[in-house]
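Numbering (numbering that gives the first Met the number 0), first residue to last: 0 to 570.
All C-beta atoms in this analysis are idealised placements derived from N, C-alpha and C, irrespective of residue type, glycine included.
Below you'll find the structure, written out as structure tokens, and then a few comments.
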Amino acid sequence: MAQNQNSSEVYDAVVVGSGAGGGTAVQVLAAKGLKVALLEAGPMLDVKKEFKEHKWPYDYDHRGAEEGGKSYFGKGKSFGFFTTTSGGWQLDGEPYTVGEGSQFQWFRSRILGGRTNHYGRMSFRFADYDFKPYDRDGLGSNWPISYEDIAPYYDKAEEFIGVCGSMENVRSCPDGKFHTPPPPRVHETLIKKACDKLGIICIANRRAVITKPTNGRAPCHYCGQCGRGCMTASAYSSSQVQVFPAMKTGRLKVFDLAMAREVLTNNDGKATGVLYIDKRTRQERVIRAKTVVLAASSCESTRILLNSKTKEFPNGLANGSGLLGRYLMDTVGFGLSGYVPALEGMPHYDTDGYGGAHLFMPWWLWDKHNTLDFPRGYHIEIGGGYGMPGVGSYHGAARRYGYGKDMKKKIREGYGTGVGFAGRGEMIPNIHSYMELDPDVVDQWGIPVPRFHFKWTDYEWKQARHMEKTFAGIITSMGGRVTGLSAAERESDGISVPGTIIHEVGGARMGRGVKDSVLNGYCQAHEVKNLFVVDGASFVSNPDKNPTLTINALAWRACDYLAEELRKGNV
0 MAQNQNSSEV YDAVVVGSGA GGGTAVQVLA AKGLKVALLE AGPMLDVKKE FKEHKWPYDY
60 DHRGAEEGGK SYFGKGKSFG FFTTTSGGWQ LDGEPYTVGE GSQFQWFRSR ILGGRTNHYG
120 RMSFRFADYD FKPYDRDGLG SNWPISYEDI APYYDKAEEF IGVCGSMENV RSCPDGKFHT
180 PPPPRVHETL IKKACDKLGI ICIANRRAVI TKPTNGRAPC HYCGQCGRGC MTASAYSSSQ
240 VQVFPAMKTG RLKVFDLAMA REVLTNNDGK ATGVLYIDKR TRQERVIRAK TVVLAASSCE
300 STRILLNSKT KEFPNGLANG SGLLGRYLMD TVGFGLSGYV PALEGMPHYD TDGYGGAHLF
360 MPWWLWDKHN TLDFPRGYHI EIGGGYGMPG VGSYHGAARR YGYGKDMKKK IREGYGTGVG
420 FAGRGEMIPN IHSYMELDPD VVDQWGIPVP RFHFKWTDYE WKQARHMEKT FAGIITSMGG
480 RVTGLSAAER ESDGISVPGT IIHEVGGARM GRGVKDSVLN GYCQAHEVKN LFVVDGASFV
540 SNPDKNPTLT INALAWRACD YLAEELRKGN V
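What follows is the structure in structure tokens.
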């Protein structure tokens with residue numbers, strides 16, 4: 000490899016990763032006047048080039064099948080040609096391995112903004128009891144912080160990025176600072192009626208999409224294409240909402256195509272910067288800084304720390320507890336689809352909305368666990384409406400209906416009559432789920448890669464069976480029938496393949512002391528005071544809420560603390 004090239008400039012902070020945690024970090028730190036460097040493993044985002052928000056299949060010769068029909072052979076982009084994923088489960092030259100007897104898939108998005116350019120934008124606060132799970136049922140561990148500690152930062156994050164929702168006073172999903180949500184569509188109205196009969200709470204969804212002008216961003220125009228990237232930044236992405244504005248302050252410098260290898264330290268054990276590979280030249284380079292903030296995603300930040308070995312920490316930086324990489328978690332997933340005759344023959348109308356469900360069901364049995372055979376809970380996400388047909392939309396239609404007029408007639412009759420339900424539930428952390436470095440495999444940059452081990456327990460399996468029974472009951476209550484799994488490729492075994500919900504968290508959990516954790520309640524390493532980890536790696540548990548909003552809030556809180564400690568000379 001080419002010779003290490005050092006820069007003499009010293010930043011107040013170097014941030015690794017530009018997603019929800021990294022984007023929030025550079026926003027907060029630059030606003031406080033700090034000089035910040037941001038390392039991103041992918042390229043700079045060019046919105047006009049990358050986003051396909053208002054493109055139609057006929058705008059491309061391949062109609063969305065990709066060059067050479069890649070999607071027909073399972074070689075196309077993850078989630079389809081039109082999405083702005085900029086990454087995938089497998090990346091050329093960047094492998095990972097999985098331990099014997101385990102399954103795990105690791106999604107990486109290599110571009111400025113990371114997954115926030117395309118994620119579902121579900122934005123739920125953790126409940127008060129989510130921070131003290133051990134006190135409730137004796138499982139897992141308590142967080143070292145409480146809901147009261149993080150609530151002000153939920154407020155800050157919601158007000159800044161913009162979140163829709165309604166005030167409902169549901170304990171499992173606390174209310175926040177909301178924009179007015181859009182009204183439900185017809186299929187969602189029918190779902191709510193069915194849920195009301197069954198005693199299931201069904202309320203306005205909470206998504207990071209604005210419905211009023213906010214900080215120069217235009218409100219949502221309801222094109223329904225959030226996963227393709229939002230040209231107007233009405234849907235939150237860290238790239239457009241946080242990183243680009245921070246760059247305009249002149250206090251943030253972005254280093255793209257920069258693959259972080261390790262955190263550097265001095266003889267006093269303090270972090271001094273980050274060693275990275277410049278992908279353009281394949282040269283090693285160093286960014287020096289007074290503080291280091293890792294936000295590369297849970298598994299990537301953990302990998303960086305495991306690769307940052309010193310005499311004091313031969314098993315990874317700040318790993319005196321031996322828990323670095325341990326207690327890896329993902330969200331429990333299971334889904335069912337159904338056919339609802341009441342939706343057949345209805346006049347077609349525009350159901351695009353804001354790119355996802357306008358309603359959802361928070362966990363409604365938080366106070367009735369004595370009636371269940373599993374701990375914790377899940378929320379329900381829903382689907383339906385008249386989505387834009389594309390490549391693969393009617394796969395198997397000829398086999399079912401034959402060719403010609405009959406096939407076309409059946410397709411038209413069935414268009415818009417389907418509904419889907421996806422459960423997203425809490426996993427209990429266990430000792431069998433963790434990541435380590437594979438001693439025999441490196442990526443194309445010469446960096447040792449992760450090896451994953453993962454296991455669902457009976458807690459998660461029983462939860463998935465409750466999801467299945469619940470979803471079937473809702474569909475039946477609507478007068479419909481179950482047609483199959485919503486995501487058969489991912490959930491054919493009756494539960495999601497670990498990692499495929501893309502909610503992996505843990506690996507460098509926070510706690511009260513070095514014996515049982517890597518970080519403190521401010522996402523600060525116990526043993527390296529000027530090192531912070533502000534992505535999902537800090538999570539102690541993985542409640543039934545999508546993690547991004549909590550990553551935003553924790554990162555904001557951590558960076559407020561970092562800036563003050565830096566001012567005092569404590570880090």
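- Following the DSSP letters along the chain, one finds residue 290 in no alpha helix (DSSP H) but inside the beta strand (DSSP E) bounded by residues 282-293.
- Between the stretch 99-113 and the stretch 485-505 there are three or more C-beta pairs closer than 8 Å, enough to call the two in contact.
- Taken in chain order, the complete beta strand (DSSP E) segments of 3 or more residues contained in the stretch 194-281 are 251-254, 257-264 and 270-277.
- Listed in chain order, the beta strand (DSSP E) elements of length 3 or more contained wholly in the stretch 152-199 amount to none.
- For residue 12, the secondary structure class from DSSP, reduced to helix, strand or coil, is strand.
- Residue pairing for residue 336: DSSP places it in a beta bridge opposite 419 and 483.
- Within the stretch 457-510, the complete alpha helix (DSSP H) runs of at least 4 residues fall at 457-476 and 487-490.
- When DSSP reads this structure, residue 328 sits in a beta bridge with 504.
- Distance check between residue 29 and each of 507, 55 and 243 places 243 closest, using alpha-carbon atoms only.
- DSSP, reduced to helix, strand and coil, places residue 378 within a strand of the structure shown.
- When beta bridges are read from the DSSP output, residue 38 appears opposite 15 and 254.
- Here residue 330 has 423, 500 and 502 as same chain residues with Cβ atoms under 6 Å from its own Cβ, once five neighbours each way along the sequence are excluded.
- Note on residue 166: under 16 other CB atoms within 10 angstroms of its CB, so exposed under the neighbour-count rule.
- The beta-carbon separation of residue 255 and residue 93, rounded to 16 Å, does not stay under the 8 Å limit for a contact.
- Within the same chain, Cβ atoms closer than 8 Å to the Cβ of residue 416 are found at 338, 339, 340, 342 and 343, the five residues on either side in sequence being excluded.
- Counting the other Cβ atoms within 10 Å of the Cβ of residue 72 gives fewer than 16, which makes it exposed.
- Bounds of the alpha helix (DSSP H) holding residue 563 are 547-567.
- In this structure, the CA atom of residue 323 is about 6 Å from the CA atom of residue 506.
- Nearest in C-alpha terms to residue 184, of all of 354, 362 and 489, is 354.
- Look at residue 96 here: in three-state DSSP terms it is strand.
- Sorting 435, 191 and 348 by C-alpha distance to the C-alpha of residue 307 places 435 at the top.
- The three-state reading of DSSP puts residue 62 in coil, since its state is none of H, G, I, E or B.
- Judged by beta-carbon spacing, residue 44 lies beyond the 7 Å limit of residue 270, meaning their Cβ atoms are not closer than that value.
- Looking only at 170, 187, 161 and 97, the smallest Cα-Cα distance to residue 179 is reached by 161.
- Shown here, residue 141 sits in coil according to DSSP, grouped into three states, outside any helix or strand.
- Under the three-state reduction of DSSP, residue 70 is assigned to helix.
- Of the candidates 389, 176 and 512, the residue whose Cα lies closest to the Cα of residue 65 is 389.
- With the rule of 3 Cβ pairs closer than 8 Å, the stretch 44-62 does not count as touching the stretch 391-408.
- Looking at the DSSP output, residue 426 bridges to 541.
- In summary, residue 304 is buried, with 16 or more beta-carbon neighbours lying within 10 Å of its beta-carbon over all protein chains present.
- Per DSSP, residue 127 lies in no alpha helix (DSSP H) and is assigned neither H nor E.
- Shown here, residue 405 sits in a helix according to DSSP, grouped into three states.
- Judged by beta-carbon spacing, residue 297 lies within the 7 Å limit of residue 536, meaning their Cβ atoms are closer than that value.
- About 5 Å separates the Cβ atoms of residue 377 and residue 543, confirming a contact at the 8 Å cut-off.
- In this structure, residue 226 places its C-beta atom within 7 Å of the C-beta atom of residue 82.
- The beta carbons of residue 251 and residue 35 sit closer together than 7 Å.
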